Amino acid sequence: MAEPDEHERRCGFVALIGAPNAGKSTLLNALVGAKVSIVTPKVQTTRTLIRGIAIEDRAQLIFVDTPGIFSPRRRLDRAMVGIAWASTQDADLVALLIDAKKGIKDDEEAILEKLGEIRPAKALVLNKVDLVDKRALLTLTDQLNARAAFAATFMISALTGDGTADLKSWFAAHVPLGPWLYPEDQISDAPLRQLAAEITREKLYLRLHQELPYQSTVETEVWKELKDGSVRIEQTIYIERESQRKIVLGKGGQAIKAIGAAARADIAVAVEQPVHLFLHVKVREGWGDDPERYREMGLEFPKE
Ligand SMILES: Nc1nc2c(ncn2[C@@H]2O[C@H](COP(=O)(O)OP(=O)(O)OP(=O)(O)O)[C@@H](O)[C@H]2O)c(=O)[nH]1
Ligand SMILES: [Mg+2]
């Protein structure tokens, strides 16, 4: 690809917003072409803003994955939803993702209600079109466009990649002129320690069920480069109650062993070196009300 002239370059922030589970993180990874944000079948997987960077034509696109927007109750939920809306204030473009299979439900209604207050141009992105009958999409598109002013509508499958190239081209054509903000080969601005903690949290979510995932968080405590080119990583899984420890550990330590093995494999791919991963489980009652945990996650601590 020829280097674009300095003066023709474009650069901008594109916030990906939507209800929980709409496929925002899947789309971010598809647009970047690498796994920079974790994905699970559960709602409320993403907890903070995750940036992924891609080059398209003359544009450097900085995509901002956000936590799903829903009616928050717990303090952590309020912080997550707060940062998701805040992301739209710093964005040049906003993409609203709608799960085409789910359609317009309470969360979507509430988002549409507030969408008028958003300043940047908005693209409507119907995702998961691999799961629905194409004819049903037209009705949904009409309903959504009647509710808010969208500059363009896209029908995509973030999972199969169907339609994502057109979407990316549209973003590239509509971000403002300006110099690129990151080196050309950079795809994320998150420190590897944070990505590593997120990967372990993904495995925890995939393995554990019911409420437990929402009551746990993962932090990387030790990151030691070893002489043989490998890295020793120690992480702590924080849980809310002592009774949850045996669920995380599993029978004879089976669960934590499987979580550790799956996380180690993915982290090794991300850091491109062999990884020794050690997981600790600590009870921190009320970590959901501990400002330090919010700082670690990059979230504002809601006062109440
Ligand atoms: N069939 C299908 N599934 C999809 C598609 N996009 C995402 N998914 C699935 O939907 C689930 C949620 O995807 P995520 O990318 O984690 O959704 P999210 O919007 O980031 O969710 P939160 O972070 O919880 O707000 C996962 O099981 C994905 O594999 C799609 O285009 N088609
Ligand atoms: Mg997500």
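The opening residue of the sequence shown carries number -19 in the working numbering; numbering runs sequentially from there.
Ideal Cβ positions, reconstructed from N, Cα and C, are used throughout, including at glycine.
None of the values given here were measured: they were computed from a predicted structure.
Taking 8 Å as the upper bound for CB-CB distance, residue 279 and residue 138 are not in contact here, some 25 Å apart.
Per the Cβ contact rule, the segment 179 to 189 is in contact with the segment 237 to 245 (3 or more Cβ pairs under 8 Å). The beta carbon of residue 23 sits closer than 6 Å to at least one heavy atom of ligand 1. Across the set 154, 71, 147, 125, the C-alpha of 71 shows the shortest separation from the C-alpha of residue 29. In this structure, 249 is the residue among 249, 113, 267, 265 with its C-alpha nearest to the C-alpha of residue 16. For the set 118, 77, 9, 43, the Cα lying nearest the Cα of residue 1 is the one of 77.
Relative to ligand 2, the beta carbon of residue 4 is positioned inside 6 Å of a heavy atom. Contact annotation: residue 128 and residue 92 have beta-carbon atoms nearer than 7 Å. Membership of residue -2 in the beta strand (DSSP E) is indicated by the continuous run -10 to -2. In this structure, residue 198 places its C-beta atom within 7 Å of the C-beta atom of residue 217.
Remark: the shortest separation between the CB of residue 125 and any heavy atom of ligand 1 does not fall under 6 Å. Residue 164 and residue 33 have their C-alpha atoms roughly 9 Å apart. Distances from the CA of residue 236 to each of 167, -5, 169, 258 were compared; the closest alpha carbon is that of 258.
Under DSSP, residue 36 takes part in a beta bridge, and its partners are 39. Its chain contains -2, -1, 1, 2, 3, 107, 108 as the residues whose beta carbon lies nearer than 8 Å to that of residue 79, once the 5 sequence neighbours on both sides are disregarded; these appear in chain order. Residue side-chain check: residue 138 places its Cβ nearer than 6 Å to a non-hydrogen atom of ligand 1.
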